[in-house]
Structure formats: C-alpha cells, structure tokens
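Participant:
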Amino acid sequence: MTTDKGSQTLLLFLLAITLALVIASCAPLQPTSPTGPRGSEPPYPVLLAEDSARRETAQGALNRLRQSTAPARSLESIEPNLSPITATIQSLPANGGGGVYLPKVGADAVMNEEETRESLRRFIRDWREIIGSEPARLSLVDHLVQPDGTSVANYEQRPFRFPIRGNYGKLQIRFAADRRILSISSTCLPDADKLRSALRGLGAGGGVSARLTAEDATKKLRENDLPSSDPAAGKPTFRLPASTQLTPRELVTHVQPSKTRADALEFRLAWEIELSNAPFRLAYLDAITGEVIEVK
Numbered sequence: 041m042t043t044d045k046g047s048q049t050l051l052l053f054l055l056a057i058t059l060a061l062v063i064a065s066c067a068p069l070q071p072t073s074p075t076g077p078r079g080s081e082p083p084y085p086v087l088l089a090e091d092s093a094r095r096e097t098a099q100g101a102l103n104r105l106r107q108s109t110a111p112a113r114s115l116e117s118i119e120p121n122l123s124p125i126t127a128t129i130q131s132l133p134a135n136g137g138g139g140v141y142l143p144k145v146g147a148d149a150v151m152n153e154e155e156t157r158e159s160l161r162r163f164i165r166d167w168r169e170i171i172g173s174e175p176a177r178l179s180l181v182d183h184l185v186q187p188d189g190t191s192v193a194n195y196e197q198r199p200f201r202f203p204i205r206g207n208y209g210k211l212q213i214r215f216a217a218d219r220r221i222l223s224i225s226s227t228c229l230p231d232a233d234k235l236r237s238a239l240r241g242l243g244a245g246g247g248v249s250a251r252l253t254a255e256d257a258t259k260k261l262r263e264n265d266l267p268s269s270d271p272a273a274g275k276p277t278f279r280l281p282a283s284t285q286l287t288p289r290e291l292v293t294h295v296q297p298s299k300t301r302a303d304a305l306e307f308r309l310a311w312e313i314e315l316s317n318a319p320f321r322l323a324y325l326d327a328i329t330g331e332v333i334e335v336k
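So the sequence shown is residues 41 to 336, counted in my numbering.
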C-alpha cells in the first residue's frame, strides 16, 4: 500500500509539472520592459556603437589609397573628415580633392552614361571602407549633370528588409567632366550584416514584442502628444486635431543618435505615417513600443 501511494503521489507531481509547462508555453509575448529587455529578449533598440577598430580600418584604407592613386600629389595632403560613430567620410578638404579621380572606363575622352556608372561602381568598390557600405548594398537614385558640366551621383544604402529613414544611409559623389572628384559625403551604416541579423529578430515572430499593425500605429499617433512646431511659444507639445488624416506608408528602419549613449546610433522598427491638415508632413512611430520617434 505504501508503494502504491508513493507512486500515485509521484504521478500527480509529474502531471502538475507538465500542466504548468503547457500553460507557460501558451502565454502571450510580454511587452518590452521599460527598464530594458527581459532575459529572453534581444536588446531594443538595436545599437551601433563607436568602435576604434572601425576607425583604424578607415584610416588604413585611406593609406592604401594614398599609395595607389595617381598623380603623385594624390592623397598625401588629404585628411578627410570622418563621422564620429560610423567612421564614414563626411567631406574632403576644400583644397584636397584635386588628386582624386574616378577610374577611367572606355576609350573616348569623355565617358558616356554607362561608362560613368561603371566608373562610379569601381570607385565605390575601392573606397568602400571609407564609404561604409559594400557596393551591392547601394542603389543609384539619380545621376544629375549640372549646367556647369559637373555631375552629382546620389545613392541610397539598402541593407535591411525595411528602408532606412533618418539622416543616414546616403552617399553623394560630385565630380567634374574630367572625372576629378569635387566632393564626397557618406552617411552609410557600416557592419550592415551584423545589424541586419539583430533587426531580423524584431517584430512579429521575433523576441521583443508583437509588432503594431498600421491601424494600431495610427491610433497610437492620435493618442500621443507630438513635439510642437513652435516650442518657443510655450507649447512644447501638440495634439493632432480630429480633422488630420493619417495614412500609414510602410514599415521602415529608423536611425538616429542614441538617447542613452553619446557614442552610439539606435535602430528602431517604425511606421512611416503621412499627415494632412497638420504642422508636419510625416511622423515616425515605433512599431515595437508605440513611441513617437520623429515628426517632420
């Protein structure tokens, strides 16, 4: 009898444990904790921190370009301005671009459109460590020839599932008819593969929280106080009038300086929402937390 009672007790204990595990596995995803992610959640927002190795790589790439670029004056006197976090090129010195040229493509003295695009691709390939992006992740948006004969090529970096918003992910190259580089500026995001892996775990099916739908996002935007267009007037926030029409455009990857770290950028999954009858044209609302990130 004692043995039978012991077996029954053990069986009931095992059944209770099994039931508890089943209930736990069916529990809904928990919202992101205001004090940070839970142990099972990936960090959010995703951060890209300043890295001395990244800056050393950019400087090393510049040294290699100094040794390989003709003519002799080349890049010896050029010390390009590098962005503090991404270590991408912000600008060339006003008198420093004279020795930098696009590669020559084709036999004619002046390259045609196809040859110019190929020349730009080769230039980006050679300068990728300073530009901060692999050529395959850059898309040519436009190539404009100015009245004075100079050209401007604008690129967008597209390394993520959702397009980049904020003041990042852009490359502009300005050059003369003789292929001489006049200016170059990049706000591209290095380490895109690592960032893409981190961003892939967000939202629906990810480990942070369920992603807000477009309907959820517009409702949240109406409920939130937005930054005022005239804070000096004593009204730091603004509430959307009922007549404002909200049109969700798409999910985006919003990038901005971190609110908690001076040496990092933060990446958020956000809804881009178009506004009419409002002081702003666009609003960005975090698709994970429901926070208003930016209006403009």
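We treat Cβ as the ideally placed atom computed from N, Cα and C, and that holds for glycine.
Determine whether the beta carbon atoms of Val192 and Ile164 lie at a separation below 9 angstroms.
Facilitator: No.
Participant: Is it true that the CB of Leu211 sits closer than 9 angstroms to the CB of Ile171?
Facilitator: Yes; because the gap between Cβ atoms is below 9 angstroms, this pair is in contact.
Participant: Who pairs with Lys210 in a beta bridge, going by DSSP?
Facilitator: Its beta-bridge partners are Glu196.
Participant: If I'm right that Glu196 touches Val181 with Cβ under 8 angstroms, what's the distance once you round it to whole angstroms?
Facilitator: Between Val181 and Glu196 the Cβ distance is about 5 angstroms, and since that is below 8 angstroms, they are a contact.
Participant: Going along the chain, which residues of its own chain have a beta-carbon closer than 8 angstroms to the beta-carbon of Ala217, five neighbours each way excluded?
Facilitator: Around Ala217: Val150, Gly189, Thr190, Ser191.
Participant: Would you call the stretch 316-324 and the stretch 87-102 touching, i.e. three or more CB-CB distances under 8 angstroms?
Facilitator: These segments do not touch.
Participant: Tell me where the beta strand (DSSP E) around Ala89 begins and ends.
Facilitator: Ala89 -> beta strand (DSSP E) spans 86-89.
Participant: Name the DSSP beta bridge partners of Glu306, please?
Facilitator: Glu306 is bridged to Leu87, Gln296.
Participant: According to DSSP, simplified to helix, strand and coil, what is Ser159?
Facilitator: Residue state, collapsed to three classes: helix.
Participant: Nearest chain C C-beta to Pro187 closer than 9 angstroms, yes or no?
Facilitator: Among the chains in the structure shown there is no chain C, since it carries only a single protein chain.
Participant: Assuming Ile224 and Thr293 form a contact by the criterion Cβ under 8 angstroms, report the distance between their Cβ atoms to the nearest whole angstrom.
Facilitator: Ile224 to Thr293, Cβ: 24 angstroms. No contact.
Participant: Quick one: what's got a C-beta closer than 7 angstroms to Ala327's C-beta in the same chain, skipping five residues either side?
Facilitator: Only Gly243, Arg251, Leu252, Ala257, Leu291, Leu309, Ala310, Trp311 meet the Cβ criterion.
Participant: Report all residues from its chain with a CB closer than 8 angstroms to the CB of Leu235; omit the five preceding and five following residues, and keep chain order.
Facilitator: Excluding positions up to five away in sequence, the list reads Val86, Leu88, Pro199, Phe200, Leu229, Phe307.
Participant: Candidates Ala304, Arg301, Leu305, Arg262: which alpha carbon is nearest Ile313's?
Facilitator: Checking every option, the nearest Cα to that of Ile313 belongs to Arg262.
Participant: Assuming Ser283 and Thr277 form a contact by the criterion Cβ under 8 angstroms, report the distance between their Cβ atoms to the nearest whole angstrom.
Facilitator: With a Cβ gap of about 18 angstroms, Ser283 and Thr277 do not count as contacting.
Participant: Go through its chain and collect everything with a Cβ distance to Glu155's Cβ below 7 angstroms, but skip five positions before and after it.
Facilitator: Cβ within range, chain order: Val145, Gly146.
Participant: Expressed to the nearest angstrom, what Euclidean distance is found between the alpha-carbon atoms of Asn317 and Arg279?
Facilitator: Roughly 12 angstroms between the two C-alpha positions.
Participant: Tell me, to the nearest whole angstrom, how far the beta carbon of Ile221 is from that of Val140; I am working on the premise that it is less than 8 angstroms.
Facilitator: The pair is a contact, with the Cβ atoms about 4 angstroms apart (cut-off 8 angstroms).
Participant: Do Ala101 and Arg177 have their CB atoms nearer than 9 angstroms?
Facilitator: No.
Participant: For Leu132 and Leu266, what's the separation of their Cα atoms in angstroms?
Facilitator: Between Leu132 and Leu266, the C-alpha separation is close to 38 angstroms.
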